[in-house]
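A.B. asks: Just so we're aligned, residue 814 is where the sequence shown starts under our numbering, counting upward by one. Where a beta carbon is used, it is the ideal one built from N, C-alpha and C, also for glycine. Being a predicted model, the structure only gives us computed values, none of them experimental. Questions regarding the structure given below will be posed in turn.
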Amino acid sequence: MSNAAISVRGIEKSYKDLHVLRGVDFEVEKGSIFALLGSNGAGKTTVVRILSTLLKSDAGTASVQGFDVAAEPLRVRESISLTGQFAAVDEILTGRENLILVAKLRHLPDAGRVADELLAKFRLTDAGSRKAGTYSGGMRRRLDIAMSLVGRPEVIYLDEPTTGLDPEARIEVWDVVKELANIGTTVLLTTQYLDEAEQLADRIAILHEGRIIANGTLAELKRLLPAAKVEYVEKQPTLEEIFLTLIGPSAGKDAAA
Ligand SMILES: Nc1ncnc2c1ncn2[C@@H]1O[C@H](COP(=O)(O)OP(=O)(O)O)[C@@H](O)[C@H]1O
Ligand SMILES: [Mg+2]
């Protein structure tokens, strides 16, 4: 795929005896939202850390915006932004001050304007002058994502962006992620939530036991399972049913949690 923002080939990674990644392959098209779906401990964060140049793989190659993560880590870092599960937001500062701080750290001229634009884009203008410590979970996560967009990275990694959020806040974050793709940012999203992948992703890859065991659009994944006939209506399989069928009965309980 020449239009790939991220390309991953045969990536392997072990932590001592634990062989976490056993040959991971996938590509993420520029400007798309790609969900890496897997249960807790599947290796999602390990993939993200390798693609962020924070961790070296044992084998395989990966490139981001055409730059090899091992050979050109600085170019990769310039192209990406990483938002983890644990927000980088400073609670003592206001939302606006948090954004200005990041803009100054990235040596952007006119940090105040950058902050105001991002506050508006993430519906935080009114809250911008309040301390971030007073924000709801959804607002904090939105601010966190806004902070990661300072300097307009071409690729953004969202590692379990809605883990720990209540349902309302999750939907707020989903809206923001959809907007990212609208402005042309490539989004690599990891999640253990099937509905999140279903809602957001152009393509979904399922990471299980160290490999990508399925990769496609939701429609393509649905074709992996035949539709069940319930009376006269065809019942399409849900992503949850596909996921549980693919990973097998042993891991089923964990995955549905
Ligand atoms: N630094 C580390 N040292 C040893 N084991 C690790 C380390 N980081 C992660 N692991 C283990 O590797 C596996 C995959 O972890 P991780 O990539 O964080 O999974 P996920 O993000 O999908 O939950 C887990 O079993 C985890 O305990
Ligand atoms: Mg993780």
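Is GLY951 near LEU921, with beta carbons less than 8 Å apart?
C.D. replies: Within the sequence shown, the letter at position 138 stands for residue 951. Within the sequence shown, the letter at position 108 stands for residue 921. No, they are not a contact pair.
A.B. asks: What does a CB cutoff of less than 6 Å around ILE958 pick up in its chain, not counting 5 residues either side in sequence?
C.D. replies: Counting from 1 along the sequence shown, the entry for residue 958 is found at position 145. Excluding positions up to five away in sequence, the list reads THR896 and VAL989.
A.B. asks: For THR999, which of ARG1016, THR975, VAL968 and GLU992 has the nearest alpha-carbon?
C.D. replies: If you number the sequence shown from 1, residue 999 lands on position 186. Here the closest residue by C-alpha is VAL968.
A.B. asks: Is ILE984 near HIS1021, with beta carbons less than 8 Å apart?
C.D. replies: As a position in the sequence shown, residue 984 is number 171, starting the count at 1. As a position in the sequence shown, residue 1021 is number 208, starting the count at 1. It is not a contact, given that the beta carbons lie outside the stated cut-off.
A.B. asks: Report all residues from its chain with a CB closer than 6 Å to the CB of GLY1065; omit the five preceding and five following residues, and keep chain order.
C.D. replies: Along the sequence shown, one-based indexing puts residue 1065 at 252. Residue confidence is low: GLY1065 scores 45 on pLDDT, short of 50, so the model does not pin down where it sits. No coordinate-derived value is stated.
A.B. asks: Tell me whether GLU973, by its Cβ, gets closer than 7 Å to a heavy atom of ligand 2.
C.D. replies: Start at 1 with the first residue of the sequence shown, and residue 973 comes out as number 160. Answer for GLU973: yes, Cβ within range of ligand 2.
A.B. asks: When the distance is taken between beta carbons, is ILE1019 closer than 8 Å to LYS850?
C.D. replies: The residue you call residue 850 lines up with position 37 of the sequence shown. The residue you call residue 1019 lines up with position 206 of the sequence shown. Before going on, a small fix: residue 850 reads as Leu here, not Lys. Yes.
A.B. asks: Taking GLU1053 as the reference, give the member of ARG1024, ASP1015, GLU1011 and ASN1028 with the closest Cα.
C.D. replies: Here residue 1053 refers to the residue found at position 240 when the sequence shown is read from its first residue. Of the candidates ARG1024, ASP1015, GLU1011 and ASN1028, the one whose C-alpha sits nearest the C-alpha of GLU1053 is GLU1011.
A.B. asks: Considering only the beta carbon of each residue, do GLY823 and GLY873 sit closer than 8 Å?
C.D. replies: The count along the sequence shown starts at 1 and reaches residue 823 at position 10. The count along the sequence shown starts at 1 and reaches residue 873 at position 60. Cβ distance < 8 Å, so GLY823 and GLY873 count as in contact.
A.B. asks: Please find out if some non-hydrogen atom of ligand 2 comes closer than 7 Å to the beta-carbon of THR1030.
C.D. replies: On the sequence shown, residue 1030 is found 217 positions in, with the first residue counted as 1. Because no heavy atom of ligand 2 lies under 7 Å away, the Cβ of THR1030 does not count as near it: no.
A.B. asks: With a floor of 3 residues, list each beta strand (DSSP E) that falls wholly inside the region 874-926, ordered by position along the chain.
C.D. replies: The region 874-926 contains these whole beta strand (DSSP E) runs: 893-896.
A.B. asks: With distances taken between CB atoms, is the gap from GLY964 to ARG919 smaller than 8 Å?
C.D. replies: The residue given as residue 964 occupies position 151 in the sequence shown. The residue given as residue 919 occupies position 106 in the sequence shown. It is a contact, given that the beta carbons lie within the stated cut-off.
A.B. asks: Of the residues LYS934, THR907 and MET960, which one's Cα is nearest the Cα of LYS944?
C.D. replies: Residue numbering aside, residue 944 sits at position 131 when the sequence shown is read from its first letter. Closest by alpha carbon: THR907.
A.B. asks: Can you give me the start and stop residues for the alpha helix (DSSP H) that ASP957 sits inside?
C.D. replies: Working through the sequence shown from its first residue, we reach residue 957 at position 144. Element bounds for ASP957: 950-961.
A.B. asks: State the DSSP-derived secondary structure class of ARG822, mapped to helix, strand or coil.
C.D. replies: Here residue 822 corresponds to residue number 9 of the sequence shown, with the count starting at 1. In the structure shown, ARG822 sits in a strand (DSSP, three-state: E or B).
A.B. asks: Does ligand 2 have even one heavy atom less than 7 Å from the beta-carbon of THR1004?
C.D. replies: Position 191 of the sequence shown, counting from 1, holds the residue named residue 1004. False, no ligand heavy atom lies under 7 Å from that Cβ.
A.B. asks: Anything with a beta carbon under 6 Å from a heavy atom of ligand 1 counts; list them all in chain order.
C.D. replies: Those satisfying the condition are, in chain order, TYR828, LEU831, VAL833, GLY851, ASN853, GLY854, ALA855, GLY856, LYS857, THR858 and THR859.
A.B. asks: What whole-angstrom Cβ distance do ILE1017 and LEU1031 have, given they're in contact under 8 Å?
C.D. replies: To locate residue 1017, count along the sequence shown from 1; it is residue 204. To locate residue 1031, count along the sequence shown from 1; it is residue 218. Their Cβ separation, rounded to whole angstroms, is 6 Å, which keeps ILE1017 and LEU1031 in contact under 8 Å.
A.B. asks: Which residues share a DSSP beta bridge with PHE847?
C.D. replies: Residue 847 sits at position 34 when you count from the first residue of the sequence shown. In the DSSP output, where bridge partners are listed per residue, PHE847 has LEU1001 and ARG1016.
A.B. asks: For LEU1002, which of ILE846, LYS917, GLY1029 and VAL927 has the nearest alpha-carbon?
C.D. replies: Sequence index remark: in the sequence shown, residue 1002 carries index 189 (1-based). When each option's Cα is compared against that of LEU1002, the closest is ILE846.
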